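Participant: Just so you know, we're using our numbering here: the sequence shown kicks off at 17 and counts up by one. Glycine included, every Cβ here is placed at the ideal spot set by N, Cα and C. These figures come from a predicted structure and were not determined experimentally. Dropping a structure here in structure tokens format, bear with me for questions.
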Amino acid sequence: MSAYVSDAVAFLYYLLDRLPPDADRAFREAEEGHAILYLPTIAAAELYYLFERKGWMNQWTGLEKEMKRRTTFNYYSFNEDVLNLFEKTKATEIHDKIILSTARLLKAEALITKDERLRELDEVKTLW
């Protein structure tokens, strides 16, 4: 079964139903049970922080519902295996290192991201 990793912005666009076609296809694959979609806990924390700051906690409730409702949507925690892959990335931001290393560790089909810096690193396949 294919695996995808989503960054925070991609998951936000999913919640808002504003994903571009390639990213939307990956999320739909996971919704239909044909793939697993991982949301690194660092990305979930970024979303919580954004929603709290903006007063959009209903979006956090929507995220939690999606994560509980779909068995193919899973959080992936930052752990030693992810940390051990830091040396293989050129990313400079800690959250980018965690997300890229998670995608690499899980041998993800792709990282779903709008982030141009991550896409330009060309370290893992990306979708947007």
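In the DSSP output, what is N90 paired with across the bridge?
Facilitator: Y54
Participant: Taking the C-alpha atoms as reference points, what is the distance between K130 and Y30?
Facilitator: The C-alpha of Y30 is placed about 12 Å away from the C-alpha of K130.
Participant: Would L116 and A19 qualify as a contact pair, given that the criterion is a beta-carbon distance under 8 Å?
Facilitator: no
Participant: Can you tell me whether Y91 is buried or exposed? The criterion is at least 16 other CB atoms within 10 Å of its CB, across all chains shown.
Facilitator: exposed
Participant: What do you reckon, are the CB atoms on L66 and S22 nearer than 8 Å?
Facilitator: no
Participant: Please state whether DSSP places A124 in a helix, a strand or coil.
Facilitator: coil
Participant: List the residues that DSSP assigns as beta-bridge partners of S117.
Facilitator: According to DSSP, S117 bridges with nothing at all.
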